[in-house]
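One structure below.
Here's what the structure looks like:
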């Protein structure tokens with residue numbers, strides 16, 4: 118069986134890669150970009166840095182900075198109107214996963230119209246919107262190299278997964294220097310998100326030799342460096358390793374899909390406004406323990422790639438060490454429980470059946486080594502408390 122691999126047309130990786138935007142625009146024949154970002158990127162001066170870089174090449178750009186964390190249908194609407202009313206020929210998506218996911222949705226809706234729900238999975242979106250140059254500023258989501266975007270429908274708190282080549286950026290500029298100012302909390306949440314991407318891609322039923330190679334490489338980079346980047350944000354070597362690891366994990370899961378952690382994570386984020394990486398972190402140890410019996414060898418490979426087990430360890434011993442490491446990582450990176458995050462216990466338990474239904478409806482649990490029932494998903498949710 119062959120596997121189709123979908124990647125950005127241009128992937129620029131390394132220090133100051135973001136300064137190549139004018140060259141990339143020129144190669145695409147584009148000269149009127151809209152920078153889609155958030156207010157934090159403006160405050161930190163990153164948006165101005167991009168604009169100044171463009172101005173040096175006589176390229177005039179405008180900034181749309183009204184994206185929000187965990188983008189919603191309403192939050193992207195102003196961006197859609199900006200695109201429809203402007204004469205832009207390209208989009209520069211600058212920021213973490215939320216601005217880049219917002220830009221993907223705005224690119225399609227701005228060009229083709231309709232509502233976000235029209236583009237929800239199982240529809241596969243192959244239409245080409247405005248070309249996107251993605252410039253990530255976190256080492257976590259990997260969305261700069263994926264064919265996915267996630268937009269929340271706030272009318273029913275559903276996180277809609279949207280899939281297709283139409284959501285793949287045409288270029289991704291992966292510049293670890295942009296992550297040096299990230300606070301420890303975001304470093305932790307996005308870092309565990311990247312680790313989850315790599316692990317889930319590796320154990321996914323849709324995995325291939327290609328995605329496996331990217332996932333293992335990602336884990337080898339993330340495993341030894343996540344704690345370092347968390348404790349010392351100025352550690353260039355750790356930041357560079359995390360940035361590349363995040364991108365490789367994105368390549369892996371874009372081509373192999375994610376599994377049960379993500380399926381269960383999205384409803385928590387939608388209902389209780391938990392940042393995506395954080396809800397993944399809450400779930401990763403329990404879901405991994407649930408799934409190991411059907412993929413012992415693969416999870417043991419994960420333990421060895423992360424660096425907590427050796428070839429001398431049996432698969433059973435490696436997996437014991439993996440679970441211990443995931444729990445220790447959450448403790449060290451101060452990942453809260455749902456209760457510590459401030460979620461009401463009664464509300465959390467009352468919503469479990471609905472969240473389980475939403476998790477299964479997303480399709481992601483079908484890729485898991487063990488495909489759970491709704492009751493098993495509820496049992497895992499209970500373990501988080």
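Residue numbers (this note's numbering): 118 to 502. Ideal placement from N, C-alpha and C gives every residue a C-beta, glycine not left out.
- Here residue 264 is near residue 123, since their CB atoms are less than 8 Å apart.
- Three or more Cβ pairs closer than 8 Å define a contact, and the segment 190-203 meets that threshold against the segment 226-238.
- Cβ-Cβ distances below 7 Å link residue 389 to 460 in the same chain, with the five nearest sequence neighbours on each side left out; the list follows chain order.
- Beta-bridge partners assigned by DSSP to residue 207: 150.
- Relative to the Cα of residue 127, the nearest Cα in the group 237, 252, 415 and 173 belongs to 252.
- Within a 10 Å sphere around the beta-carbon of residue 441 sit fewer than 16 other beta-carbons, which makes this residue exposed.
- For residue 181, the three-state secondary structure derived from DSSP is strand.
- If the five residues before and after residue 310 are omitted, its C-beta is found closer than 7 Å to the C-beta atoms of 257, 258, 393, 394 and 397, all from its own chain and listed in chain order.
- Rounded to the nearest angstrom, the gap between the Cα atoms of residue 484 and residue 171 is 42 Å.
- A straight-line Cα-Cα distance of about 11 Å links residue 405 and residue 419.
- Taking residue 499 as the centre and dropping the five residues before and after it, the same chain places the C-beta of 466 and 469 closer than 8 Å to its C-beta, in chain order.
- Proximity of the segment 205-223 to the segment 143-152 meets the contact definition, three or more beta-carbon pairs being nearer than 8 Å.
- Along the length of the segment 409-444, whole alpha helix (DSSP H) runs at least 4 residues long occupy 413-423, reported in chain order.
- Residue 285 carries a coil assignment under DSSP once its states are collapsed to helix, strand and coil.
- Rounded to whole angstroms, the separation of the alpha carbons of residue 187 and residue 451 is 21 Å.
- Every beta strand (DSSP E) of 3 residues or more that sits fully in the segment 221-286 is shown, in chain order, as 249-253, 265-270 and 275-280.
- When the alpha-carbon of residue 432 is set against those of 456, 410, 443 and 453, the nearest one is in 410.
- By the Cβ-count criterion, residue 314 is buried, with 16 or more other Cβ atoms from all chains shown falling within 10 Å of its own Cβ.
- The beta-carbon separation of residue 212 and residue 266, rounded to 14 Å, does not stay under the 8 Å limit for a contact.
- Distance between residue 490 and residue 362, taken at the CA atoms: about 32 Å.
- Membership of residue 136 in any beta strand (DSSP E) is not indicated, and neither H nor E is assigned to it by DSSP.
- Of the candidates 502, 381 and 453, the residue whose Cα lies closest to the Cα of residue 477 is 381.
- By the criterion of at least three beta-carbon pairs nearer than 8 Å, the segment 131-142 is in contact with the segment 291-302.
- Put simply, the backbone Cα of residue 185 is about 34 Å away from that of residue 325.
- DSSP, read as helix, strand or coil, puts residue 488 in coil.
- Annotation: residue 167 is outside any beta strand (DSSP E); the continuous alpha helix (DSSP H) that includes it extends over 163-172.
- With fewer than 16 other beta carbons inside 10 angstroms of its own, residue 156 counts as exposed.
- Within the same chain, Cβ atoms closer than 8 Å to the Cβ of residue 307 are found at 213, 214, 255, 256, 257, 258, 299, 363 and 394, the five residues on either side in sequence being excluded.
- In this structure, 219 is the residue among 340, 274 and 219 with its C-alpha nearest to the C-alpha of residue 284.
- Around the beta carbon of residue 282, fewer than 16 other beta carbons sit within 10 angstroms, so the residue counts as exposed.
- Between residue 455 and residue 333, the alpha-carbon positions lie close to 30 Å from each other.
- Taken in chain order, the unbroken stretches of alpha helix (DSSP H) that lie wholly in the segment 286-355 and span 4 residues or more are 301-320, 326-339 and 343-348.
- Residue 375 sits in coil when the DSSP states are folded into three classes, being neither helix nor strand.
- For residue 468, the enclosing alpha helix (DSSP H) begins and ends at 462-478.
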